[in-house]
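Heads up: the protein sequence lines correspond to chains A and V, in order. The opening position of the first sequence corresponds to residue 1 in the numbering used here, with each subsequent residue numbered one higher. The opening position of the second sequence corresponds to residue 1 in the numbering used here, with each subsequent residue numbered one higher. Just so you know, even glycine gets a beta-carbon here, dropped at the ideal spot from N, CA and C.
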Amino acid sequence: MEAKVLKMLVPMALEGLKATLGVFAVTLIVSLPLSVVVAKLRLSKNKVISKIIGIYIYIMRGTPLLLQLMFIFFGYYQVPYIGYAFSREQAIFIAFVLNYTAYFAEIFRGGINSIDVGQYEAAMVLGLSKTHTFMKIILPQVIKTVLPSVGNEVITLVKDTSLIYILGASDILKAARAVSNVYAAFTPYIYIGVVYLIITAVLTRMLDKIESKYNYYR
Amino acid sequence: MVLAVENLSKSFGKNLVFSNVSFSVNKGEIVCIRGKSGEGKTTLLRCLTGLETADKGSIKINNMYLCKEEDNRIQYAQKEKLQAIRQEIGLVFQSFNLFPHMNVLENLMEAPLFLKNDSYDNIRKRAEELLNRLELEGKESSYPYQLSGGQKQRVAIARACMLNPSILCFDEPTSALDEQTRDQISKIIRDLASRGIAIIIVTHDNAFVDEIAQRIITMKDGKITIE
Chain A
1 MEAKVLKMLV PMALEGLKAT LGVFAVTLIV SLPLSVVVAK LRLSKNKVIS
51 KIIGIYIYIM RGTPLLLQLM FIFFGYYQVP YIGYAFSREQ AIFIAFVLNY
101 TAYFAEIFRG GINSIDVGQY EAAMVLGLSK THTFMKIILP QVIKTVLPSV
151 GNEVITLVKD TSLIYILGAS DILKAARAVS NVYAAFTPYI YIGVVYLIIT
201 AVLTRMLDKI ESKYNYYR
Chain V
1 MVLAVENLSK SFGKNLVFSN VSFSVNKGEI VCIRGKSGEG KTTLLRCLTG
51 LETADKGSIK INNMYLCKEE DNRIQYAQKE KLQAIRQEIG LVFQSFNLFP
101 HMNVLENLME APLFLKNDSY DNIRKRAEEL LNRLELEGKE SSYPYQLSGG
151 QKQRVAIARA CMLNPSILCF DEPTSALDEQ TRDQISKIIR DLASRGIAII
201 IVTHDNAFVD EIAQRIITMK DGKITIE
């Protein structure tokens, strides 16, 4: 019985793994740099910009990701004038990027605020431009500060990818569900749970390595 | 004369910090600004280095106006000129404000490399020379957290000197130093002055003022007296 379960589960899980890792990678690659920009805009002296970004973050953090996925896929095309029917893949990526950018942006905002004003002043007196100061002086220090919090979100992201089932996409959890239904067995869920644990273990190790890379200074 | 300050005034809201402050500093001169806490010494220094904007008056550094009064309004230099003026006046902060993620050499080379005022090799050579002169040889690849207070201060001095300023300002340079390190800093400051750099020191350390100052500016109740 178990052999049959595995025979059916493995190819489906591998296919699902592509979707899981794809959503994970795209979200991370797009959200992380974008969130730095959003955090800067949130801290902008222009009150209108800061307020708009504040509302965006409030909506993203104040509603479930599942609802956001459903809205972008099923609801957005019904919005007058600006509505558009996104494909399933587009809806998934847009929802994940928008949601995670908001969370990462708040983490980066906290990190930027934690940098001593003396660092900006030293850079200013030395004649460094604002962009250079941010990219070379502030951001490297911010990254060190926010790494543990970003790491937490990265691990959460892996698990959140399972939400794409709501739009009918096939991830590894959906593979487990399908096999479980066929054989009336719970073991596929256990196997997939182990896959999540392996992914998390690899990520934790990678994050630890990145953190220790930044330990060269205090 | 490398610095001329005329009728400079500054207030924070309704709180007047100083008004109509005028003084000048010559090449190679050591001027100390003293006064009790809260008399506006540091604010004056921050105005001179462009970290704070004054409300009235003018500041002329090496014949370039950082700010001047036009039509009863204070006008600050435009961006490009401001950068040139900033290179003429360096500041050693009380808490040094070294960049913690950069080693000593990188701290020194960051600004001249950004401003592209020389080749990489020449900038590195100058940084190494300065470190030798300030007895910091062998510390090139150390990070700020690995240095003592006195060493951090010397790195901050070297970093400011990398841009060849005409004026070097010190905010409370002796506040965190033991006696031996204080003597060392005093020697370095004299050496910098002998090389033609005008030195402005803000301090409440009267013994240090008596030891090093060629001219003393005392701040009290928003006014200054020059001795």
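Selection from V:Ala158, V:Met219, V:Asn63 and V:Gly28 that minimises the alpha carbon distance to V:Glu106: V:Ala158
Residue-chain proximity (A:Tyr216, chain V), Cβ-Cβ < 8 Å: yes
Cβ contact (3+ pairs, closer than 8 Å) linking the stretch 37–44 of chain V and the stretch 11–18 of chain V: yes
Rounded separation between A:Asn99 and A:Arg205 - CA only: 25 Å
Proximal residues of chain A, C-beta to C-beta of V:Leu49 below 8 Å: According to the sequence shown, residue 49 of chain V is Thr rather than Leu. Near V:Thr49 (Cβ distances below 8 Å), the residues of chain A are Val125.
Spatially closest choice to V:Ile123 from V:Tyr145, V:Met162, V:Ala176 and V:Ala193, by CA coordinates: V:Met162
Segment contact, 8 Å Cβ cut-off, at least three pairs: the stretch 133–143 of chain A with the stretch 186–206 of chain A: no
Same chain, Cβ closer than 7 Å to A:Ile53, five either side skipped, listed in chain order: Val38, Leu41 and Arg42
Inter-residue Cα distance where the pair is A:Leu126 and V:Pro112: 9 Å
Sheet register partners of V:Phe170 (DSSP bridge): V:Val92 and V:Ile201
A:Pro140 at chain V interface by Cβ criterion, 8 Å: yes
8 Å CB neighbourhood of V:Cys47 in its chain, flanking five on each side removed: Leu8, Lys10, Thr53, Ala54 and Ile59
Three-way DSSP call (helix, strand, coil) for V:Lys27 in this model: coil
Between the CA atoms of V:Glu88 and V:Asn164 - distance to the nearest angstrom: 7 Å
Distance CB(V:Lys152)-CB(V:Phe114) smaller than 8 Å: no
When V:Leu147, V:Thr181, V:Ile199 and V:Ala156 are compared against V:Glu110, the one with the closest alpha-carbon: V:Ala156
Residues bridged to V:Ser9 (per DSSP): V:Lys56
Neighbourhood of A:Val97 by C-beta, 8 Å cutoff - its chain only, sequence neighbours within 5 removed: Val26, Thr27, Val30, Ser31 and Leu34
For A:Asp208, the nearest candidate out of A:Pro148, A:Ile172, A:Gly110 and A:Leu21 (CA to CA): A:Pro148
Through-space distance from A:Tyr120 to V:Leu192, alpha-carbon basis: 26 Å
Beta-carbon separation (whole angstroms), V:Ile30 vs V:Ile212, contact threshold 8 Å: 6 Å
Contact with chain A by V:Ser95, beta-carbon distance below 8 Å: yes
A:Ile192 beta carbon near the ligand ADP (any heavy atom closer than 7 Å): Of ligands this structure carries none, so the ligand ADP is not represented either.
Reduced DSSP secondary structure (H/G/I, E/B, other) of V:Tyr143: coil
Assigned exposure category for A:Gln141 - 16 Cβ within 10 Å defines buried: buried
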